[in-house]
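S.K.: The structure under discussion is supplied below as structure tokens; questions concerning it will follow.
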Amino acid sequence: MASHADTTPLRKLLVEELRDLYNGEKQLTKALPKLARNATSDQLRDLLENHLEETEQQISRLEDAFEMLGEKPRGKHCDGIAGIVEEGNAMLQEDFDGAVLDAAIIAGAQRAEHYEIAAYGTAMAWAKVLGLKDLAELLDQTLEEEKAADEKLSALAESTINRQAASESMAAAKR
Ligand code: FE
Ligand code: FE
Ligand code: ZN
32 MASHADTTPL RKLLVEELRD LYNGEKQLTK ALPKLARNAT SDQLRDLLEN
82 HLEETEQQIS RLEDAFEMLG EKPRGKHCDG IAGIVEEGNA MLQEDFDGAV
132 LDAAIIAGAQ RAEHYEIAAY GTAMAWAKVL GLKDLAELLD QTLEEEKAAD
182 EKLSALAEST INRQAASESM AAAKR
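Each step along the sequence shown adds one to the number in the working numbering, with nothing skipped, and position 105 is 136.
Structure (structure tokens):
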């Protein structure tokens with residue numbers, strides 16, 4: 032017999048959130064290579080490629096999460112990530128290059144990370160209150176990867192790329 036927690040509205044909401052994430056991560060496996068291809072900085076390209084590998088693991092972690100819940104791994108279109116990806120693509124159509132382009136790529140990637148951090152943080156909190164400890168731990172692994180990816184992007188922007196973007200812009204203005 033199904034336990035009480037199996038039928039609660041909160042559990043249903045958790046499954047919906049995981050479906051949103053499952054689809055969002057899949058969208059990101061298509062968007063990240065495009066961003067990586069357009070990056071000028073080798074460090075930025077490495078970072079995006081590395082996060083693509085993590086994203087693939089995150090997808091299989093979500094499949095494990097569905098299994099833990101006795102649900103089929105099924106996505107539900109994530110409008111949030113779709114919007115972020117659309118904005119990123121629109122930005123790539125503009126004529127930015129060099130470090131300015133890299134700064135713009137970082138801005139787009141960080142929007143995606145923040146969306147994911149919010150969603151995984153929420154899902155983990157719900158898993159916890161539902162007493163689904165293993166699931167909460169699984170989601171926390173991904174949450175930590177998303178936070179680390181976000182921090183690495185910030186560190187790269189602050190250590191070099193933003194300053195390069197500013198000086199390239201000044202050089203261009205003098206021309
Ligand atoms: Fe992710
Ligand atoms: Fe979403
Ligand atoms: Zn991510």
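All C-beta atoms, glycine included, are put in the ideal place defined by N, C-alpha and C.
Model, not experiment: these values are computed from the prediction.
Using the C-alpha atoms, what's the distance from L44 back to W157?
M.R.: Each residue's Cα considered, the two are about 9 angstroms apart.
S.K.: What's the gap between the Cα of P40 and the Cα of A154?
M.R.: Cα to Cα, P40 sits roughly 14 angstroms from A154.
S.K.: Express the C-alpha separation of A135 and L83 in angstroms, rounding to a whole number.
M.R.: So the two alpha carbons sit approximately 18 angstroms from each other.
S.K.: So does the segment 103-114 actually touch the segment 170-182, counting three or more Cβ pairs closer than 8 angstroms?
M.R.: The answer is no - the segment 170-182 does not touch the segment 103-114, with fewer than three Cβ pairs under 8 angstroms.
S.K.: Let me check you understand the geometry: is the CB of Q88 closer than 7 angstroms to at least one non-hydrogen atom of ligand 1?
M.R.: Result no, Cβ not under 7 angstroms from ligand 1.
S.K.: Hey, would you say the C-beta of H145 is under 7 angstroms away from at least one heavy atom of ligand 3?
M.R.: No.
S.K.: Does the beta carbon of L45 fall short of 7 angstroms from some heavy atom of ligand 1?
M.R.: Outside the cutoff, so no.
S.K.: Where does the unbroken alpha helix (DSSP H) through F97 begin, and where does it stop?
M.R.: Start and end: 73-99.
S.K.: Does the distance from the C-beta atom of D73 to that of C109 stay below 8 angstroms?
M.R.: Their beta carbons are not under 8 angstroms apart, which means D73 does not touch C109 by this criterion.
S.K.: Please name the residue, chosen from A203, A62, L187, D165, that lies closest to F97 on a Cα-to-Cα basis.
M.R.: That would be D165, whose Cα lies nearest to the Cα of F97.
S.K.: Would you tell me roughly how many angstroms separate the C-alpha atoms of L78 and Q88, rounded to the nearest one?
M.R.: Taking the straight line from one Cα to the other gives about 16 angstroms.
S.K.: At a cut of 8 angstroms, does the segment 123-132 reach the segment 181-190 through at least three beta carbon pairs?
M.R.: Not touching, per the Cβ criterion.
S.K.: Measuring only the C-alpha atoms, how far is L59 from T86?
M.R.: Those two C-alpha atoms are separated by around 8 angstroms.
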